[in-house]
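Engineer: Please see the structure below; I have some questions.
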Amino acid sequence: MIELPDLAAGALAAGTLSALALSGGLVRSRRQQARQRAEIASLRRQLDGNLNAFTAELGHLAAQRMPAAARQLDRPHLAVPGPRQPHLTGTPLGGALDDVLGALRTELTSQRTRIDAAAQAGMRGATREIQAALYRLQDALHGLQQRYDDPELAQTLFELDHENEQSLRRAQITAVVCGAWVGLAREESHLVDAVTGGQARLAGYRRVRVHNHLEPGTALVSHAVEPVAIIVAELLDNALRHSAPDTDVTVNLEHVHHGACVTIDDAGLGMTQDERDRAQRLVAGSEPILLTDLGDPPRMGLAAIGRLTRQFDLGVDLSSPSPYGGVRAVLLVDSHLLSHVDPEERPPAASAPRSTRRAEPQAPPSPAHAYGTEADDAASGAVSPHGGPRDAGGLPQRRRRTRAPASGEAAPRARARRPEEAAAALGALQSGTAAARAVARDGGPEPADEATSDTEQTDYEGGAAR
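For the sequence shown, this note's numbering gives the first residue as 94, with consecutive numbering after it.
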């Protein structure tokens, strides 16, 4: 029988043990709660850090990466910064941020194309009206040139006609860049006439030296005449603008295996490799043309060349420097765009340089029909309804009367007149006419009619092959 004191002692011991076990469990629970609170605090700090890093990454995306991606559309050489945290590269978050940049580029490109197409449509309509007005002015000037024979007035009309031709060229280039057709259809013409026709549209045409090494009669098919003239004019314009005014621009026309080429060399400063690469991309016509890519003010010459090379299967190369230190531009006209015109029936324009190659030997012409005389022009059918020989575009063209050689003399060989020679001849005509009129006013005899006749007036070289 257990006594009461022993029972009390056992209960006390059991209570003590229970209290010790309970206190131990409570301590462990408190320690576990402390660890959990520490883990929660650490996770909260980590979450706050990730949130701050993500917020900073988004700010970096909006402030740095997206503007750089937008600028890269205009300037491909610019680099787009990477993520602010380099360790994000290759992670799902980094990939999602790159997807944002890709979507931005796609949308910006689409909107730019749409806006640029609307701008080009508006410019096409405006340039169409401008071209029509300039053509009307051109017809009016031609009418005045035919109506009046006063030398001073004729000189003024010729200068106005040349200025109008330059304005017409700029309007035509703008229209071509904006997707319009070239606007003119011509008959088959000598390739050298197309080249000198492009030369005649420029203010500094006197600095251009053309060397014709083609076979006589080498011509262009009808639909290639105007594009070739436009391309040559723009290439010459670039050469003249980027070279010193006391230097010449050399043009060589030669046959190649697949057709003919027009090589233009200037003695300017040349281009850097980046400039040459960009120019080559423009003239190749392989990329879409946006007006916003052409600068301010826009430089449309190379862009227009690119449009025409793609439309008419022509080739332009700007990749090699000129031996004179400037730029060499080569226009390749493929053989399927070439034709042949009988140089006896339809000779080139008087201002065009004669070929250095000789045609096959033929019977020598009679003195009365020497090449280049009015009688020869009439016999060959190259006379317009207005009584003058025709130029490459079918417009009347006036020439000086050539004296037939006397009996026993050799027939003079035709020589191409330089623009400055034509200008000097016109100046001499004006001076002689003015002097004769002064003598007439003082009581002297009246000057001869032929001094002011159409056949004696020299042709203005700027509009010889329009």
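Note that the Cβ used here is the ideal one computed from N, Cα and C, for glycine as well.
Only a predicted model underlies this, so the values are computations on that prediction, with no experimental measurement involved.
#1: Take the Cβ of F251 as the centre, count every other Cβ of all protein chains shown within 10 Å, and call the residue buried at 16 or more, exposed below.
#2: How close, in whole Å, do the beta carbons of R205 and H306 come, if the pair is a contact with beta carbons under 8 Å?
#3: Could you tell me the distance, in whole angstroms, from the CA atom of A104 to the CA atom of G118?
#4: Between Y417 and A360, which are expected to be in contact by the criterion C-beta below 8 Å, what is the C-beta distance as a whole number of angstroms?
#5: Return yes when at least one heavy atom of the ligand GTP lies under 6 Å from the C-beta of R138, else no.
#6: DSSP three-state call for V434: helix, strand or coil?
#7: According to DSSP, is L186 part of a helix, a strand, or is it coil?
#8: Nearest-angstrom Cα distance between S415 and D358?
#9: Less than 7 Å between the C-beta atoms of I382 and I324, yes or no?
#10: Are the CB atoms of P320 and V275 within a distance shorter than 7 Å?
#11: Spell out the partners DSSP gives S282 in its beta bridges.
#12: Closest to Q292 by C-alpha separation, out of R137, A332, E222, would be which residue?
#13: Just how far apart, CA to CA, sit T109 and R123?
#14: What do you reckon, are the CB atoms on L234 and L253 nearer than 7 Å?
#15: Using only CA atoms, which one of T267, A445, L136 lies nearest to V301?
#16: Checking contacts by CB at 7 Å: is V349 closer than that to chain B?
#17: If you draw a straight line from the alpha carbon of D367 to that of D410, how long is it in whole angstroms?
#18: Could you give the uninterrupted runs of the alpha helix (DSSP H) lying entirely in the segment 94–162, keeping only those of 4 residues or more?
#19: Do three or more CB pairs link the segment 264–273 to the segment 390–406 at distances below 8 Å?
#20: Less than 7 Å between the C-beta atoms of H304 and N345, yes or no?
#21: If you follow the alpha helix (DSSP H) that L250 is part of, which residue opens it and which one closes it?
#22: On the CB-based measure, 16 or more other CB atoms within 10 Å of its CB, does A106 come out buried or exposed?
#23: Among L431, E347, S412, A317, which has the Cα closest to the Cα of Q404?
#24: Taking buried to mean at least 16 other C-beta atoms within 10 Å of its own C-beta, is A156 buried or exposed?
#25: So, is L136 buried or exposed, given that buried needs 16 or more other C-beta atoms within 10 angstroms?
#26: Quick test of the definition: if touching needs 3 or more C-beta pairs under 8 Å, does the segment 141–155 touch the segment 168–177?
#27: To the nearest angstrom, report how far apart P185 and D192 are at their CA atoms.
#28: Exposed or buried, what is R483 when buried is set at 16 or more other beta-carbons lying within 10 Å of its beta-carbon?
#29: What's the call for V288, buried or exposed, on a 16-neighbour Cβ count within 10 Å?
#30: Please list the segments of the beta strand (DSSP E) lying wholly inside the segment 393–437, counting only runs of 3 or more residues, in order along the chain.
#31: Going by alpha carbons, who is nearest to H421 out of G388, V355, L387, D435?
#32: Given S412, which residues of its chain have a CB within under 6 Å of its CB, disregarding the five upstream and five downstream residues?
#33: Straight-line CA distance for A377 to L246?
#34: Could you pull the start and end residues of the alpha helix (DSSP H) that D370 belongs to?
#35: V344 bridges to which residues according to DSSP?
Structural biologist: According to the structure shown:
#1: To locate residue 251, count along the sequence shown from 1; it is residue 158. With 16 or more other Cβ atoms within 10 Å, it is buried.
#2: The residue you call residue 205 lines up with position 112 of the sequence shown. The residue you call residue 306 lines up with position 213 of the sequence shown. 45 Å between Cβ atoms; not a contact.
#3: Against the sequence shown, residue 104 aligns to sequence position 11. Against the sequence shown, residue 118 aligns to sequence position 25. Their Cα atoms are separated by approximately 21 Å.
#4: To locate residue 417, count along the sequence shown from 1; it is residue 324. To locate residue 360, count along the sequence shown from 1; it is residue 267. Between A360 and Y417 the Cβ distance is about 4 Å, and since that is below 8 Å, they are a contact.
#5: Summarising the ligand content, the structure contains no ligands, and the ligand GTP is consequently not present.
#6: Counting from one through the sequence shown, the residue named residue 434 turns up at place 341. V434: coil per DSSP, three-state reduction.
#7: As a first step, residue 186 is located in the sequence shown; it is residue number 93 there, counting from the start. Helix.
#8: If you number the sequence shown from 1, residue 415 lands on position 322. If you number the sequence shown from 1, residue 358 lands on position 265. Taking the straight line from one Cα to the other gives about 6 Å.
#9: Position 289 of the sequence shown, counting from 1, holds the residue named residue 382. Position 231 of the sequence shown, counting from 1, holds the residue named residue 324. It is not a contact, given that the beta carbons lie outside the stated cut-off.
#10: Taking the sequence shown and counting its residues from 1, the one referred to as residue 275 is at position 182. Taking the sequence shown and counting its residues from 1, the one referred to as residue 320 is at position 227. A contact, by the Cβ cut-off of 7 Å.
#11: If you number the sequence shown from 1, residue 282 lands on position 189. The partner list for S282 (beta bridge, DSSP) reads L313.
#12: Counted from its first residue, the sequence shown places residue 292 at position 199. A332 is the residue among R137, A332, E222 whose C-alpha sits nearest the C-alpha of Q292.
#13: For this step, residue 109 is matched to residue 16 along the sequence shown. For this step, residue 123 is matched to residue 30 along the sequence shown. Per the coordinates, the alpha-carbon of T109 lies some 21 Å from the alpha-carbon of R123.
#14: For the purposes of this step, residue 234 is identified with residue 141 of the sequence shown, where counting begins at 1. For the purposes of this step, residue 253 is identified with residue 160 of the sequence shown, where counting begins at 1. By the CB criterion at 7 Å, L234 and L253 fall inside the cutoff.
#15: Residue numbering aside, residue 301 sits at position 208 when the sequence shown is read from its first letter. It is A445.
#16: Structure shown: chain B not included; a single protein chain is present.
#17: For the purposes of this step, residue 367 is taken as residue 274 along the sequence shown, with counting starting at 1. For the purposes of this step, residue 410 is taken as residue 317 along the sequence shown, with counting starting at 1. For D367 and D410, the distance between alpha carbons rounds to 15 Å.
#18: Counting only runs of 4 or more, we get 97–153.
#19: Enough Cβ pairs lie closer than 8 Å, so yes.
#20: On the sequence shown, residue 304 is found 211 positions in, with the first residue counted as 1. On the sequence shown, residue 345 is found 252 positions in, with the first residue counted as 1. It is a contact, given that the beta carbons lie within the stated cut-off.
#21: Reading the sequence shown from its first residue, position 157 is the one you call residue 250. Per DSSP, L250 belongs to the alpha helix (DSSP H) from 244–270.
#22: For this step, residue 106 is matched to residue 13 along the sequence shown. With fewer than 16 Cβ atoms within 10 Å of its Cβ, A106 is classed as exposed.
#23: Within the sequence shown, numbered from 1, the residue matching residue 404 stands at position 311. Each of L431, E347, S412, A317 was checked against the Cα of Q404, and the nearest Cα belongs to A317.
#24: Here the question's residue 156 lines up with position 63 in the sequence shown. Classification of A156: exposed, given that the 10 Å Cβ count is below 16.
#25: The residue you call residue 136 lines up with position 43 of the sequence shown. That one is exposed.
#26: Three or more beta-carbon pairs drawn from the segment 141–155 and the segment 168–177 are found closer than 8 Å, and the two stretches are therefore classed as touching.
#27: On the sequence shown, position 92 is the one that residue 185 refers to. On the sequence shown, position 99 is the one that residue 192 refers to. Computed Cα separation, rounded: 10 Å.
#28: Position 390 of the sequence shown, counted from the start, is the residue given in the question as residue 483. Summary for R483: the model assigns pLDDT 41, below 50, so the residue's position carries little reliability; its value from the coordinates is reported in the next sentence. Flag for R483 reads buried.
#29: Locating residue 288 in the sequence shown gives position 195, counting from the first residue. So V288 ends up on the buried side.
#30: Segments of the beta strand (DSSP E) lying fully in the segment 393–437: 408–410, 421–427, 431–433.
#31: Numbered from its first residue, the sequence shown carries residue 421 at position 328. Strictly speaking, residue 421 in this sequence is Arg, with His absent from that position. Checked all of G388, V355, L387, D435; the closest Cα to R421 is V355.
#32: Residue 412 sits at position 319 when you count from the first residue of the sequence shown. So the list reads Q373, once near-sequence residues are dropped.
#33: As a first step, residue 377 is located in the sequence shown; it is residue number 284 there, counting from the start. As a first step, residue 246 is located in the sequence shown; it is residue number 153 there, counting from the start. One alpha carbon belongs to A377, the other to L246, and they sit about 44 Å apart.
#34: Here residue 370 corresponds to residue number 277 of the sequence shown, with the count starting at 1. Note, D370: alpha helix (DSSP H), 366–377.
#35: By 1-based counting over the sequence shown, the position of residue 344 is 251. According to DSSP, which records beta bridges pairwise, V344 is partnered with V303, I357.
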